[in-house]
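Chemist: Would you mind keeping the following structure in view while I ask a few things?
2 protein chains.
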Amino acid sequence: MNPLDSTRALMDGLGTGADVCLKCGSRSIGLCAPLDMAALDDMAGESERHTLDVREAVFHQGDPARHVYTLTEGMARLTRVLPDGRQSVIGFRFAGDILGFTPAAEHAFGAEMLTRGTVCRLDRRRLEQMFRRYPVLERRFLDLCMKELAASQDHILALGRFSAEERVAAFLVSLAEAQECRNHVGPVFDLPATRADIGEFLGLTLETVSRAISAFRKRGWIRLHGHSGIELIDRAALIGLGNGDGADAA
Amino acid sequence: MNPLDSTRALMDGLGTGADVCLKCGSRSIGLCAPLDMAALDDMAGESERHTLDVREAVFHQGDPARHVYTLTEGMARLTRVLPDGRQSVIGFRFAGDILGFTPAAEHAFGAEMLTRGTVCRLDRRRLEQMFRRYPVLERRFLDLCMKELAASQDHILALGRFSAEERVAAFLVSLAEAQECRNHVGPVFDLPATRADIGEFLGLTLETVSRAISAFRKRGWIRLHGHSGIELIDRAALIGLGNGDGADAA
DNA sequence: CGCTAATTTGAGCATTGTCAAGTGCTGTGG
DNA sequence: CCACAGCACTTGACAATGCTCAAATTAGCG
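Just so you know, the protein sequences line up as chains L and S, in that order. Once you know that position 211 of the first sequence is 211 in the UniProt record's numbering, the rest is easy, because the numbers rise by one and skip nothing. Once you know that position 214 of the second sequence is 214 in the UniProt record's numbering, the rest is easy, because the numbers rise by one and skip nothing.
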């Protein structure tokens, strides 16, 4: 593969347009945004592009963490399995997000595609070299990490304090915002995660997720388009539920 | 205050001994571990030490994030309040931990002391200058951030998939390990968090936390020493519950 | 020693999980 | 292009975990 193609792939997938995203507030998503062309060419020589099928794993929990991935196309879920077999979805990732960056020797969770998609793979040792050569890149990682930490804390809040419907509402809104961040057009969003995936993410059973979604549908807040399309009709209502700005507010 | 005193305070509080902690695996806790003496002196000139009382706030949710704090003594809780008044404890922090570092303009959560203690306060702009002068410091922040992120994901797993008793067991074990990391001696650990604090952290009510602790006591797994002392008699049993290594394991 | 706050414990109830059966996409093969 | 098979989803009835409300008990602190 031509190294420059790989660079373009990274840039395209990462959505490195000059515009500021109105929803997520960041100047751009993805890893390489702060690098100039010379640095990008430098980096591109080291990265490989891979295409993955639905339900295919990017890496497994426990794998040696030899690479860092950038999801350039598609949607993935991060899963963690407990010793007794219980599984949990830690989070979802979209085009432009980084997968599998860790200072640990092994991946603490697995990553599987929910759609067909592509990833850019970069050797971890090479990334460390890049850090030394382009310090701005390390700062980029730190900022992304902090942002992810903030998102994790939001999720902790949701799991600890929100009812089933509140969690599902918050999830739907954040899914819509994530897709709007990535230049989605039209009122219908992709929902490639199954009810089971959503349930494992929100700490609910798939039946409870289904009931919540049905309830929203019956209230006219959403409309379903087949199994993988969803339209938010009354987003304000969903946000009201999902923000913890409940009716019991003083 | 003498700048060098402040440096010592940082070093002491951060537990920067040369030994590797057997429990948490890191070479040392705290911020300044990788800096040499010259850098420490440089940094010390910028930091201020503060003593705080029980239940006093280090900073509030929504405050402009002008400073970064190092908790040098005592235990603190991080809290987040929702618009409707529901509150959640995001986490607990101990001597050596960093508080309030964020790239955002405002603190997304508040920090309050659970015990009397001291913090070292460093201006955020000065910290950014330190990053440029000592790049190793930025890497230190990145590693700490990744570690915290991993801890958050563990917590997400616990909130989403663990029963009440499993969560309380995991909390007690992690509390014990945190104190052992910080050179605690003897079998009795401090438990300055109230049942309500623990409940808000674990997504449970204080009554449910109390029932779980009572159950452990009746099984002989723990012994209470007043309201703020706890002794783990059968740690293996608690770990078995709290690891998700349940009885249903194959 | 007495006051206050934290904790413990109990009883009833609500939300969510479990189990089960039925419906409707979606994609594949004829 | 259509029929069928498989999977995801929906819905219902019941059970259980954890919450709510209430009262009693204990620890800590002056």
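Virtual Cβ for every residue (Gly too), placed ideally from N, Cα, C. Remember, predicted model here, so these are calculated numbers, not experimental data.
Excluding the 5 residues preceding and the 5 following G25 of chain S in the sequence, name in chain order all residues of the same chain whose CB lies nearer than 8 Å to its CB.
Modeler: Bear in mind that a pLDDT of 48 at G25 of chain S, under 50, signals an unreliable position, so the number given afterwards is only what the model happens to contain. Around G25 of chain S: no qualifying Cβ.
Chemist: Jot down the residue ranges of each uninterrupted alpha helix (DSSP H) in the UniProt domain "HTH crp-type" (162-236) of chain S, minimum 4 residues, whole runs only, in chain order.
Modeler: You should have 164-181, 195-202 and 206-218.
Chemist: Inspect the beta-carbon positions of L241 of chain S and E166 of chain S and report whether they are closer than 8 Å.
Modeler: Yes. Within cutoff.
Chemist: By the three-class DSSP mapping on this structure, what secondary structure does L78 of chain S have?
Modeler: Note: L78 of chain S maps to strand in three-state DSSP.
Chemist: For I90 of chain S, which residues from the same chain have a beta carbon less than 7 Å from its beta carbon, with the 5 sequence-adjacent residues on both sides left out?
Modeler: Only L78, T79, R80 and F109 meet the Cβ criterion.
Chemist: Can you round the beta-carbon distance between V209 of chain L and I198 of chain L to whole angstroms, since I take them to be within the 8 Å contact cut?
Modeler: Confirmed, about 5 Å.
Chemist: Have a look at the DSSP bridge pairing and note the partners of L99 of chain S.
Modeler: Answer is S:Y69, bridged to L99 of chain S.
Chemist: So for A108 of chain L, helix, strand or coil by DSSP?
Modeler: Correct three-state label for A108 of chain L: coil.
Chemist: At a Cβ threshold of 8 Å, is A236 of chain S touching chain L?
Modeler: With 8 Å as the cut-off, A236 of chain S does not count as an interface residue toward chain L.
Chemist: Looking at the C-beta of H148 of chain L, does it have a partner C-beta in chain S at a distance below 8 Å?
Modeler: The sequence shown places Glu at residue 148 of chain L, rather than the His named in the question. For E148 of chain L, the answer is yes, since a Cβ of chain S falls inside 8 Å of its Cβ.
Chemist: So, helix, strand or coil for E138 of chain L, using DSSP?
Modeler: Helix.
Chemist: What does A108 of chain S reach in chain L if we use C-beta pairs closer than 8 Å?
Modeler: Within 8 Å Cβ-Cβ: A150 and Q153.
Chemist: Once the 5 residues before and after G229 of chain S are set aside, which same chain residues still bring their CB inside 8 Å of it?
Modeler: Taken in chain order, the residues that qualify are V188, F189, D190 and L191.
Chemist: Going by C-alpha distance, which of L:F101, L:E112, L:E106 and L:P64 is nearest L127 of chain L?
Modeler: Out of L:F101, L:E112, L:E106 and L:P64, L:F101 has the C-alpha closest to the C-alpha of L127 of chain L.
Chemist: Does the beta carbon of F141 of chain S come closer than 8 Å to any beta carbon on chain L?
Modeler: Yes, F141 of chain S lies at the interface with chain L (some Cβ there is under 8 Å from its Cβ).
Chemist: Mind checking the region 86-115 of chain S against chain L and listing, in chain order, the residues whose C-beta falls within less than 9 Å of any C-beta there?
Modeler: So the close ones are R86, Q87, S88, V89, I90, G91, F101, T102, P103, A104, A108 and F109.
Chemist: Please report the distance separating the alpha-carbon of A104 of chain S from that of L114 of chain L.
Modeler: Approximately 31 Å, taken between the alpha carbons.
Chemist: Mind checking who residue 252 of chain L pairs with in its DSSP beta bridge?
Modeler: Absent from the structure is residue 252 of chain L, since the part of chain L shown begins at 1 and ends at 250.
Chemist: For L142 of chain L versus R161 of chain S, is the C-beta distance shorter than 8 Å?
Modeler: Result no, Cβ atoms of L142 of chain L and R161 of chain S do not sit closer than 8 Å.
Chemist: Classify A236 of chain S as buried or exposed, calling it buried when 16 or more other Cβ atoms lie within 10 Å of its own Cβ.
Modeler: Result: exposed.
Chemist: Since T244 of chain S contacts D84 of chain L with CB under 8 Å, what's their CB separation in whole angstroms?
Modeler: In the sequence as displayed, the identity of residue 244 of chain S is Gly instead of Thr. Contact flag correct, Cβ pair sits at about 5 Å.
Chemist: Between P64 of chain S and chain L, is any beta-carbon pair separated by less than 8 Å?
Modeler: It does not; no Cβ of chain L falls within 8 Å.
Chemist: Put H155 of chain S into one of helix, strand or coil per three-state DSSP.
Modeler: In the structure shown, H155 of chain S sits in a helix (DSSP, three-state: H, G or I).
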